[in-house]
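Chains as they are written, first to last, in the working numbering: chain A, 4 to 224; chain B, 4 to 224.
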DNA sequence: CTCCTGCATTCTGAATGCAAAATGCTTGAT
DNA sequence: ATCAAGCATTTTGCATTCAGAATGCAGGAG
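Following this line, the structure appears as structure tokens:
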């Protein structure tokens with residue numbers, strides 16, 4: 004057996020700071036580190052069992068992602084998006100998803116669209132059970148899936164970054180029952196538009212969904 | 004004299020890593036650090052007269068901006084965007100500028116629009132003198148100005164990041180005379196559309212401009 | 001009693017040190 | 001002569017250390 008024959012995947016070696024970035028990012032998105040929380044380097048280092056160097060590297064990255072704010076000589080604070088900032092971000096996300104919609108309608112395979120419909124159905128189940136967290140996750144994953152169907156990696160990355168910034172706020176805002184129901188109706192329309200491969204209709208649905216997302220979130224701020 | 008009376012501006016204290024980020028970013032965008040260049044930490048530290056810690060922090064940030072690539076245990080390399088990546092980025096930038104156009108047409112004051120027209124005129128002067136670098140800078144600043152007129156800070160930041168990634172490539176691509184001329188015609192149309200406050204027309208002009216930017220750049224890759 | 005000043009403590013920013021990984025060179029075997 | 005293995009050097013990754021800034025507290029003046 005030749006060596007070139009076996010296709011051994013390269014051993015994934017994640018550097019510490021990279022691991023820390025994702026870990027802390029998740030802590031922020033999940034809300035374990037709430038907005039406004041002061042991040043003590045020493046404490047976090049102890050919890051993660053690492054030295055300050057990789058943590059500080061990670062904090063710089065998270066700051067450039069807009070998740071935390073660095074105050075010179077005074078440490079880092081988990082960023083709490085202001086209402087206009089949330090609106091601005093939603094507007095951009097809406098435009099990005101509308102762009103993705105055009106490409107998705109063109110590029111997506113029937114299988115991929117079917118998978119989206121499947122996610123939607125699973126989401127409805129969680130809605131029936133009033134499982135807000137799982138519902139929310141699937142909700143987000145539908146939007147992500149549409150963006151991924153565009154096949155545009157830059158678009159995906161940009162969308163992910165922006166979404167991360169306001170994920171928490173959106174989750175908090177989605178707590179009233181009728182809002183929840185409206186959101187589902189909008190999703191239904193999105194899927195239909197995609198199944199019809201009608202980019203204008205899908206784009207419109209996505210933009211409307213974003214506008215309504217703002218209305219739903221606004222009050223919670 | 005009371006203390007509250009004098010309005011002393013707070014002393015701007017930039018941390019070292021922050022300074023380094025902008026410095027190295029500029030080096031990359033200006034081309035002093037060409038794509039593919041291996042970044043030796045030691046050498047760069049000597050040049051900037053700093054220790055490795057702030058430089059390494061800066062490199063992490065630049066990697067998250069997509070300007071360099073970190074290879075675990077093997078250092079950093081200035082990223083050279085692949086052709087599909089450039090196209091993807093241009094597509095997203097086009098969508099963002101089209102979005103900005105809508106808001107700019109609504110929000111921009113007459114003064115601001117006049118300033119844009121002034122930049123355009125200055126750009127034409129550099130064109131007449133065949134000063135490619137200064138022409139290019141003003142060209143970019145028109146796009147930036149339109150995006151800023153949207154009043155959407157998230158949009159501005161996102162646009163800036165994406166633009167930085169392909170600035171160099173775009174500059175390199177804009178070297179043939181007829182391309183140059185076409186680009187100017189498209190800019191003329193953009194300004195007219197803004198003066199007419201016609202978002203659809205401006206958006207279309209921007210998208211067309213991006214499509215053509217791709218055609219102009221494509222051959223240079 | 002209140003408020004300001006000065007000092008001790010704590011925390012951040014940056015430099016240095018150390019271990020592990022990668023690179024390059026030399027040497028030796030075929 | 002060619003190629004590979006082993007060693008020396010370089011470079012990266014992370015921990016530790018040191019210096020400077022901010023915070024909090026105590027003591028003293030008004």
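Glycine included, every Cβ here is placed at the ideal spot set by N, Cα and C.
Is DSSP giving residue i helix, strand or coil here?
{"i": "residue 223 (chain A)", "result": "coil"}
{"i": "residue 41 (chain A)", "result": "strand"}
{"i": "residue 97 (chain B)", "result": "helix"}
{"i": "residue 5 (chain A)", "result": "Any reading at residue 5 (chain A) must be qualified, since the residue scores a pLDDT of 48, below 50, and its modelled position is unreliable; the value itself is stated next. Three-state DSSP puts residue 5 (chain A) in coil, outside helix and strand."}
{"i": "residue 72 (chain B)", "result": "strand"}
{"i": "residue 79 (chain B)", "result": "strand"}
{"i": "residue 154 (chain A)", "result": "coil"}
{"i": "residue 53 (chain A)", "result": "coil"}
{"i": "residue 92 (chain A)", "result": "helix"}
{"i": "residue 134 (chain B)", "result": "coil"}
{"i": "residue 186 (chain A)", "result": "helix"}
{"i": "residue 34 (chain A)", "result": "coil"}
{"i": "residue 86 (chain A)", "result": "helix"}
{"i": "residue 145 (chain A)", "result": "helix"}
{"i": "residue 14 (chain B)", "result": "coil"}
{"i": "residue 216 (chain B)", "result": "helix"}
{"i": "residue 112 (chain B)", "result": "coil"}
{"i": "residue 201 (chain B)", "result": "coil"}
{"i": "residue 179 (chain A)", "result": "coil"}
For a contact meaning CB atoms closer than 8 Å, what does residue i contact in chain B?
{"i": "residue 92 (chain A)", "result": "157"}
{"i": "residue 98 (chain A)", "result": "98, 99, 101 and 102"}
{"i": "residue 95 (chain A)", "result": "99, 102, 155, 157, 158 and 161"}
{"i": "residue 165 (chain A)", "result": "157 and 161"}
Can you list the residues of chain B that residue i reaches, using a CB-CB cut of under 9 Å?
{"i": "residue 224 (chain A)", "result": "Going along chain B, no residue has its Cβ under 9 Å from residue 224 (chain A), so there is no contact; the nearest lies around 16 Å."}
{"i": "residue 27 (chain A)", "result": "Simply none; closest approach about 13 Å."}
With a CB to CB cut of under 6 Å and the five nearest residues on each side skipped, what residues in its chain are close to residue i?
{"i": "residue 73 (chain B)", "result": "66 and 79"}
{"i": "residue 13 (chain B)", "result": "none"}
{"i": "residue 111 (chain B)", "result": "152"}
{"i": "residue 40 (chain A)", "result": "81"}
{"i": "residue 212 (chain A)", "result": "189"}
{"i": "residue 147 (chain A)", "result": "none"}
Under 9 Å Cβ-Cβ, which residues of chain A neighbour residue i?
{"i": "residue 75 (chain B)", "result": "16, 17, 18 and 21"}
{"i": "residue 68 (chain B)", "result": "67"}
{"i": "residue 152 (chain B)", "result": "The premise fails here: residue 152 (chain B) is roughly 14 Å from chain A at the closest Cβ pair, so nothing lies under 9 Å."}
With a threshold of 7 Å on Cβ separation, who are the neighbours of residue i within its own chain once the five nearest residues in sequence on each side are excluded?
{"i": "residue 176 (chain B)", "result": "219, 220 and 223"}
{"i": "residue 61 (chain A)", "result": "20, 23, 24 and 27"}
{"i": "residue 158 (chain A)", "result": "99, 102, 103 and 150"}
{"i": "residue 123 (chain A)", "result": "145, 190 and 194"}
{"i": "residue 165 (chain A)", "result": "92, 95 and 96"}
Give me, in chain order, the residues of the same chain whose beta-carbon lies closer than 8 Å to that of residue i; leave out the 5 immediate sequence neighbours on both sides.
{"i": "residue 172 (chain A)", "result": "84, 89, 220, 223 and 224"}
{"i": "residue 228 (chain A)", "result": "There is no way to answer for residue 228 (chain A), as the model of chain A reaches only from 4 to 224."}
Roughly how many angstroms lie between the CA atoms of residue i and residue j, to the nearest whole one?
{"i": "residue 64 (chain B)", "j": "residue 210 (chain B)", "result": "30 Å"}
{"i": "residue 82 (chain B)", "j": "residue 202 (chain A)", "result": "33 Å"}
{"i": "residue 48 (chain B)", "j": "residue 204 (chain A)", "result": "54 Å"}
{"i": "residue 6 (chain A)", "j": "residue 121 (chain A)", "result": "Here residue 6 (chain A) scores only 44 on pLDDT, less than 50, and its place in the model is too uncertain to base an answer on."}
{"i": "residue 33 (chain A)", "j": "residue 186 (chain B)", "result": "46 Å"}
{"i": "residue 50 (chain A)", "j": "residue 56 (chain A)", "result": "14 Å"}
{"i": "residue 4 (chain A)", "j": "residue 191 (chain A)", "result": "Per-residue confidence for residue 4 (chain A) stands at a pLDDT of 47, beneath the threshold of 50, marking its modelled position as unreliable; no derived number is given."}
{"i": "residue 59 (chain A)", "j": "residue 107 (chain A)", "result": "39 Å"}
{"i": "residue 8 (chain A)", "j": "residue 101 (chain B)", "result": "Low local confidence applies: a pLDDT of 48 at residue 8 (chain A) is under 50, so the model's placement there is unreliable, with the coordinate-based value given in what follows. C-alpha separation (whole angstroms): 50 Å."}
{"i": "residue 145 (chain A)", "j": "residue 52 (chain B)", "result": "49 Å"}
{"i": "residue 143 (chain B)", "j": "residue 126 (chain A)", "result": "44 Å"}
{"i": "residue 109 (chain B)", "j": "residue 216 (chain A)", "result": "23 Å"}
{"i": "residue 167 (chain A)", "j": "residue 174 (chain A)", "result": "11 Å"}
{"i": "residue 139 (chain B)", "j": "residue 37 (chain A)", "result": "44 Å"}
{"i": "residue 77 (chain B)", "j": "residue 17 (chain B)", "result": "29 Å"}
{"i": "residue 54 (chain A)", "j": "residue 75 (chain B)", "result": "19 Å"}
{"i": "residue 43 (chain B)", "j": "residue 35 (chain B)", "result": "14 Å"}
{"i": "residue 200 (chain B)", "j": "residue 87 (chain A)", "result": "24 Å"}
{"i": "residue 169 (chain B)", "j": "residue 163 (chain B)", "result": "10 Å"}
Determine the chain A residues that contact residue i at a beta-carbon separation under 7 Å, and present them in chain order.
{"i": "residue 63 (chain B)", "result": "20, 60, 63 and 64"}
For a contact defined as C-beta to C-beta under 7 Å, what are the partners of residue i on chain B?
{"i": "residue 72 (chain A)", "result": "Under the 7 Å cutoff, chain B gives no residues; its nearest Cβ is about 13 Å from residue 72 (chain A)."}
Mind pulling the chain A residues with CB within less than 8 Å of residue i?
{"i": "residue 88 (chain B)", "result": "156 and 157"}
*Any 3 or more C-beta pairs closer than 8 Å across the region 54 to 70 of chain B and the region 17 to 27 of chain B*: Three or more beta-carbon pairs separated by less than 8 Å link the region 54 to 70 of chain B to the region 17 to 27 of chain B, which places the two stretches in contact.
_Meets three-Cβ-pair contact criterion under 8 Å: the region 179 to 189 of chain A and the region 116 to 131 of chain B_ = By the Cβ criterion, the region 179 to 189 of chain A is not in contact with the region 116 to 131 of chain B, since fewer than three pairs of Cβ atoms, one from each stretch, lie closer than 8 Å.
*Can we say the region 90 to 100 of chain B touches the region 124 to 134 of chain B, given the rule of at least three CB pairs closer than 8 Å?*
As far as the Cβ criterion goes, the region 90 to 100 of chain B does not touch the region 124 to 134 of chain B, which means the pair count is below three.
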